[in-house]
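Chains as they are written, first to last, in our numbering: chain P, 330 to 552; chain C, 330 to 552. Cβ coordinates follow ideal geometry from the N, Cα and C atoms, glycine included. Note that this is a predicted model, so its numbers are computed, not measured.
2 protein chains.
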Amino acid sequence: MTVKTLTVVRDLLATNRQAAAAIREELRGRGILAVNLLSSPGSGKTTLLEALADRFRDRYRLAVIEGDIETERDAERVRAKGVPAWQITTGGACHLEAKMIGQVLDRIPADIDFLFIENVGNLVCPASYDLGEQVRLVLLSSPEGDDKPAKYPQAFLSADALVLTKTDLLPYLPFDPARAAAEARTIKPGLPVFAVSALRGEGLDELVAYLAGALERLRSGRA
Amino acid sequence: MTVKTLTVVRDLLATNRQAAAAIREELRGRGILAVNLLSSPGSGKTTLLEALADRFRDRYRLAVIEGDIETERDAERVRAKGVPAWQITTGGACHLEAKMIGQVLDRIPADIDFLFIENVGNLVCPASYDLGEQVRLVLLSSPEGDDKPAKYPQAFLSADALVLTKTDLLPYLPFDPARAAAEARTIKPGLPVFAVSALRGEGLDELVAYLAGALERLRSGRA
């Protein structure tokens, strides 16, 4: 990149950080925990949200912001679960930015507990953009291979927890969850790892407890 | 994006197009067919290259340029097949650019037939960067879901052919290859589609014939 380009990118990131800080402050004031979901296309972000909607139904109120380059498909899937969802179509842009979230924020019901933000399917660019979330989850699905953390380090370094998805496919794949977890922890020591099959509802209890704990810490002023 | 940012991006793309045109001309002069592989992380680009190395061994000479953010892993896998490979680690950048290919080009043996370029795993950004290839393949693996073409249209619009990978997993997934192909052809009418399992060596004959045909057209001056 040229010096000029580098400067513009740095300006963009600085502007984004400011917008993200304002969003984080506003959500904290409202007592809402925002969770940013990052992964490759097709790692199961929307399917995980559908499963969490079922698990959370009796205890928490959710809202979802969906980021995609094109289509309303993911928002429609989430709405079918009775969860209010806003679709942001970036029209080509490879990641969500904080200002996009800011434009939707006023329409989010005041009484929700969790705001899930499903980023554009991309294991690279979204890692550089803080959206004002409290918790960043990176998803890695078993068909993608257990060699991915070292190849896409920023996504794993910037995450608060790793969710290994599609564990129902493990019998048919060379994927080793322990190897994936170990490699991710080489990049980010102590990273919490959850292995789930959203399709079969397996492994979700631990993830639900983790998110509920983060919400409790936010509301008690400990996060 | 601001006007300034848009201008810088436009300048970058214009500079890239010029570099790509020069590479395409040089490769045409050498009679080498360059193939650019685009997909999400973990869609099976390297495994497809390993399978093609086996298929092409008796008839053609290959070389490979591997693009990754970090690690030499993919180049090592290709070299283990006896194919010369150069690893470009972008150190954070989400796509390869033509100038990166240009820097490697002089080291590519003069007598090869195919130069495969495995792009950074990312279904978004690499679509905007011409690398001077003659053929662009976009890969979509069955676990990613058959709803992806409309959500990532630029990758499919810019491709010369679609390769549906990991067909060995079809019995365990809701993926419908016909639906994926139809959706991709809504974006790009007439797009050739190949369904393969590189792991099992299934469906590769058609893809090999397609690539051999493209090489023949290049050398007879028809492409």
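### Task
Taking 8 Å as the cut-off, decide whether the C-beta atoms of P/Val-407 and P/Glu-395 are in contact.
Looking up residue 407 of chain P in the first sequence gives position 78. Looking up residue 395 of chain P in the first sequence gives position 66. Yes, Cβ-Cβ distance for P/Val-407 and P/Glu-395 is below 8 Å.
### Message
So for P/Ile-417, helix, strand or coil by DSSP?
### Response
Position 88 of the first sequence, counted from the first residue, corresponds to residue 417 of chain P. P/Ile-417 falls in the strand class under three-state DSSP.
### Query
Is P/Phe-523 helix, strand or coil when you go by DSSP?
Counting from 1 along the first sequence, the entry for residue 523 of chain P is found at position 194. Reduced to three states, the DSSP call for P/Phe-523 is strand.
### Query
Got a sec, what are the start and stop residues for the alpha helix (DSSP H) C/Phe-485 sits in?
Working through the second sequence from its first residue, we reach residue 485 of chain C at position 156. Its alpha helix (DSSP H) spans residues 482-486.
### Task
Just list the alpha helix (DSSP H) runs in the segment 355-405 of chain C, keeping only unbroken ones of 4 residues or longer that don't cross its boundaries, in chain order.
374-385
### Task
Please name the residues in the segment 471-493 of chain P whose beta-carbon is closer than 7 Å to at least one beta-carbon of chain C, in chain order.
Pro-472, Glu-473, Gly-474, Asp-476, Lys-477, Ala-479, Lys-480, Tyr-481, Pro-482 and Gln-483
### Query
Are the beta-carbon atoms of P/Pro-455 and P/Leu-367 separated by less than 8 Å?
Numbered from 1 along the first sequence, position 126 holds the residue referred to as residue 455 of chain P. Numbered from 1 along the first sequence, position 38 holds the residue referred to as residue 367 of chain P. Yes.
### Query
Can you round the beta-carbon distance between P/Ala-380 and P/Gly-530 to whole angstroms, since I take them to be within the 8 Å contact cut?
As a working note, residue 380 of chain P is residue 51 in the first sequence. As a working note, residue 530 of chain P is residue 201 in the first sequence. Indeed they touch by this definition, with Cβ atoms about 6 Å apart.
### Task
Name the residue from C/Ala-427, C/Ile-437, C/Asp-397 and C/Ala-414 whose alpha carbon lies nearest to the alpha carbon of C/Gly-420.
Sequence index remark: in the second sequence, residue 420 of chain C carries index 91 (1-based). Ranking C/Ala-427, C/Ile-437, C/Asp-397 and C/Ala-414 by Cα distance to C/Gly-420 puts C/Asp-397 first.
### Task
Name, please, each residue of chain C whose Cβ falls closer than 8 Å to the Cβ of P/Ile-398.
In the first sequence, residue 398 of chain P corresponds to position 69, counting from 1. Under the 8 Å cutoff, chain C gives Val-453, Lys-480, Tyr-481, Pro-482 and Gln-483.
### Task
Check the Cβ of P/Gly-371 against every Cβ in chain C and list those closer than 8 Å, keeping chain order.
Taking the first sequence and counting its residues from 1, the one referred to as residue 371 of chain P is at position 42. Correct list: Ser-369, Ser-470, Pro-472, Glu-473, Gly-474 and Lys-477.
### Task
From the DSSP output, in three-state form, read off C/Ser-471 for me.
Counting from 1 along the second sequence, the entry for residue 471 of chain C is found at position 142. Looking at C/Ser-471 - three-state DSSP - the assignment turns out to be helix.
### Message
Please tell me whether P/Trp-415 and P/Ala-422 are closer than 8 Å, where the distance is taken between their beta carbons.
### Response
By 1-based counting over the first sequence, the position of residue 415 of chain P is 86. By 1-based counting over the first sequence, the position of residue 422 of chain P is 93. Cβ atoms of P/Trp-415 and P/Ala-422: not closer than 8 Å.
### Task
For my contact list, C/Pro-555 and C/Ala-513 are in at a C-beta cut-off of 8 Å; report their separation, rounded to the angstrom.
Because chain C spans 330 through 552 in this model, residue 555 of chain C falls outside it and cannot be assessed.
### Query
So what's C/Val-537 in DSSP terms, helix, strand or just coil?
On the second sequence, position 208 is the one that residue 537 of chain C refers to. Note: C/Val-537 maps to helix in three-state DSSP.
### Task
Have a look at P/Ser-457 and C/Arg-388 and give me their C-alpha separation to the nearest angstrom.
Locating residue 457 of chain P in the first sequence gives position 128, counting from the first residue. Locating residue 388 of chain C in the second sequence gives position 59, counting from the first residue. Rounded to the nearest angstrom, the two C-alpha atoms are 45 Å apart.
### Query
Closest to P/Gln-463 by CA distance: which of P/Val-338, P/Leu-469 and P/Val-364 is it?
As a working mapping, residue 463 of chain P is identified with position 134 in the first sequence. When each option's Cα is compared against that of P/Gln-463, the closest is P/Val-364.
### Query
By a C-beta neighbour count over all protein chains shown, 10 Å radius and 16 as the cutoff for buried, is C/Thr-494 buried or exposed?
Translated into positions along the second sequence, residue 494 of chain C becomes position 165. Buried, since its Cβ has 16 or more Cβ neighbours within 10 Å.
### Query
Is the segment 345-361 of chain P touching the segment 343-350 of chain C in the sense that three or more CB pairs, one from each, lie closer than 8 Å?
no
### Query
Going by Cα to Cα distance, which pick from C/Pro-500, C/Lys-428 and C/Ile-361 is closest to C/Val-393?
To locate residue 393 of chain C, count along the second sequence from 1; it is residue 64. Comparing Cα positions, the closest option is C/Ile-361.
### Message
Taking the straight line between their C-alpha atoms, what separation do you get for P/His-424 and P/Val-449?
### Response
Counting from one through the first sequence, the residue named residue 424 of chain P turns up at place 95. Counting from one through the first sequence, the residue named residue 449 of chain P turns up at place 120. Roughly 5 Å separates the two Cα atoms.
### Task
Consider the Cβ of C/Tyr-501: report whether some Cβ of chain P lies at a distance smaller than 8 Å.
Mapped onto the second sequence, residue 501 of chain C falls at position 172. Interface residue, yes.
#### Entry: Coarse secondary structure for C/Ile-329, derived from DSSP in three states
One cannot answer for residue 329 of chain C here, as it falls past the ends of chain C, which runs 330 to 552.
### Message
Does the structure place the segment 337-346 of chain C close enough to the segment 482-500 of chain C that three or more beta carbon pairs sit under 8 Å?
### Response
no
### Task
For P/Leu-498, return the contacting residues in chain C, with the cut-off set at a CB-CB distance below 9 Å.
As a working mapping, residue 498 of chain P is identified with position 169 in the first sequence. Within 9 Å Cβ-Cβ: Pro-472, Leu-498, Tyr-501 and Leu-502.
### Message
Assuming contact is defined by CB atoms lying nearer than 8 Å, are C/Met-429 and C/Ile-417 in contact in what I supplied?
### Response
Stepping through the second sequence from its first residue, residue 429 of chain C is reached at position 100. Stepping through the second sequence from its first residue, residue 417 of chain C is reached at position 88. In contact: C/Met-429 and C/Ile-417 (Cβ atoms closer than 8 Å).
### Query
Taking only beta-carbon atoms, is C/Gly-411 less than 8 Å away from chain P?
Within the second sequence, residue 411 of chain C is the residue found at index 82, counting from 1. Not an interface residue.
### Task
Mind checking which residues open and close the beta strand (DSSP E) that includes P/Ala-490?
On the first sequence, residue 490 of chain P is found 161 positions in, with the first residue counted as 1. Taken as a continuous stretch (DSSP letters only), the beta strand (DSSP E) holding P/Ala-490 covers 490-494.
### Contact list for P/Lys-495 against chain A, beta-carbon separation under 7 Å
In the structure shown, chain A cannot be found, because the protein chains are P and C.
### Message
Using a Cβ-Cβ cutoff of less than 7 Å, which residues in the same chain neighbour P/Arg-465 once the five nearest sequence positions on both sides are dropped?
### Response
Working through the first sequence from its first residue, we reach residue 465 of chain P at position 136. So the list reads Asn-365, Leu-367, Ser-487, Ala-488 and Asp-489, once near-sequence residues are dropped.
### Query
How is the alpha helix (DSSP H) around C/Glu-512 delimited, first residue to last?
Residue mapping note: residue 512 of chain C aligns to position 183 of the second sequence, counting from 1. From DSSP, the alpha helix (DSSP H) with C/Glu-512 extends over 506-516.
### Task
My understanding is that P/Arg-384 touches P/Val-537, with C-beta atoms under 8 Å, so please give their C-beta distance in whole angstroms.
As a first step, residue 384 of chain P must be located in the first sequence, where it is residue number 55. As a first step, residue 537 of chain P must be located in the first sequence, where it is residue number 208. Confirmed, about 5 Å.
### Query
P/Lys-428 lies in the alpha helix (DSSP H); which residues open and close that run?
Stepping through the first sequence from its first residue, residue 428 of chain P is reached at position 99. Here the alpha helix (DSSP H) through P/Lys-428 covers 427-434.
### Message
Taking beta-carbon pairs under 8 Å, can you tell me which members of the segment 435-454 of chain C lie near chain P?
### Response
Val-449, Gly-450, Asn-451, Leu-452, Val-453 and Cys-454
### Whole-number beta carbon distance between P/Tyr-501 and P/Pro-521, since they are thought to touch under 8 Å
To locate residue 521 of chain P, count along the first sequence from 1; it is residue 192. To locate residue 501 of chain P, count along the first sequence from 1; it is residue 172. Not quite, the Cβ-Cβ distance comes to about 27 Å (not below 8 Å), so this is no contact.
### Query
To which residues of the same chain is P/Arg-357 closer than 7 Å at the C-beta, ignoring the five residues directly before and after it?
Sequence index remark: in the first sequence, residue 357 of chain P carries index 28 (1-based). Around P/Arg-357: Leu-547.
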